[in-house]
Amino acid sequence: MSITAETIRTPDTAEAVSHPEFGVLPATLDIPLDTVIHRIDDVAAQGDVLISKANSRRAKTALTEPVEIIDAQFGGNPHTLHPDGDCFWDAELGAELKLGVLTVAKGARAFLFHREHGGLEIAPGTYRIGRQREFAESWQRVAD
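Converting from the sequence shown to this note's numbering requires adding 298 to each position, the first position being numbered 1.
As structure tokens, this is what we get:
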């Protein structure tokens, strides 16, 4: 199910907004009016980011505020994780493709936003989040 951000918030909204399907959304979300949000619980891609359910260890570092998992230093828009409830994020520093592990506790959710690719509501569970790559005579990261 997807919704447009127009039903969630207006540009001048400064606090959390309630939506009948998605409930109260974090006040940290600063998203354009045409953003579409998809709910995921298994695997999804967002531009050059790939999210997949993991059977690996759970993340242990509390995610209490938004974090850019891919920043905009190379000219693009950042991919930003927003916690809503008990979420945990262990970044893989220095890793080429694996960005980290996200654990969303039961009863919580996380949001991943990108200004061009929209939003993902991530259901409870543990996920591997990494960079995508493509093959064009040799392996290379997907450019966003």
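Here a beta-carbon is modelled for each residue, glycine too, at the ideal position from N, C-alpha and C.
Could you give the distance in angstroms between the alpha-carbon of residue i and the alpha-carbon of residue j?
{"i": "Leu-395", "j": "His-377", "result": "15 angstroms"}
{"i": "Ala-421", "j": "Leu-391", "result": "25 angstroms"}
{"i": "Ile-301", "j": "Arg-337", "result": "Low confidence applies to Ile-301: its pLDDT is 41, below 50, so where it sits in the model is not reliable, and the reading given next is rough at best. Using only the alpha carbons, I get a separation of about 10 angstroms."}
{"i": "Lys-406", "j": "Glu-419", "result": "The question names Lys, but residue 406 in the sequence shown is Ala. One C-alpha to the other measures close to 10 angstroms."}
{"i": "Val-365", "j": "His-380", "result": "7 angstroms"}
{"i": "Cys-385", "j": "Gly-416", "result": "20 angstroms"}
{"i": "Ala-403", "j": "Asp-339", "result": "13 angstroms"}
{"i": "Gly-383", "j": "Ala-408", "result": "8 angstroms"}
{"i": "Arg-413", "j": "Arg-355", "result": "30 angstroms"}
{"i": "Ile-306", "j": "Ile-368", "result": "Below a pLDDT of 50, predicted positions are generally treated as unreliable, and Ile-306, at 43, falls in that range; the measurement from the model is reported next regardless. Roughly 25 angstroms separates the two Cα atoms."}
{"i": "Thr-362", "j": "Gly-345", "result": "25 angstroms"}
Looking at the secondary structure, which residues open and close the beta strand (DSSP E) in which residue i lies?
{"i": "Ser-243", "result": "Past the boundaries of the shown model lies residue 243; the chain is included only from 299 to 442, so the question cannot be answered."}
{"i": "Gly-398", "result": "396 to 402"}
{"i": "Gln-430", "result": "Where Gln-430 is concerned, there is no enclosing beta strand (DSSP E), given that its DSSP letter is neither H nor E."}
{"i": "Gly-345", "result": "No beta strand (DSSP E) contains Gly-345, which DSSP labels as neither H nor E."}
{"i": "Gly-392", "result": "Run containing Gly-392: none; DSSP gives neither H nor E here."}
{"i": "Arg-413", "result": "Run containing Arg-413: none; DSSP gives neither H nor E here."}
Would you verify that the beta carbon of residue i is, or is not, closer than 8 angstroms to some beta carbon of chain B?
{"i": "Ile-349", "result": "You won't find chain B in this structure, because it holds only one protein chain."}
Would residue i pass as a contact of residue j if the rule is Cβ separation under 8 angstroms?
{"i": "Tyr-425", "j": "Ala-352", "result": "yes"}
{"i": "Val-399", "j": "Ala-342", "result": "no"}
{"i": "Val-347", "j": "Gln-430", "result": "yes"}
{"i": "Leu-397", "j": "Gly-428", "result": "yes"}
Can you tell me whether residue i sits near the ligand NAD, meaning its C-beta is under 7 angstroms from at least one heavy atom of the ligand?
{"i": "Asn-375", "result": "The ligand content of the structure shown is nil, which means the ligand NAD is not present either."}
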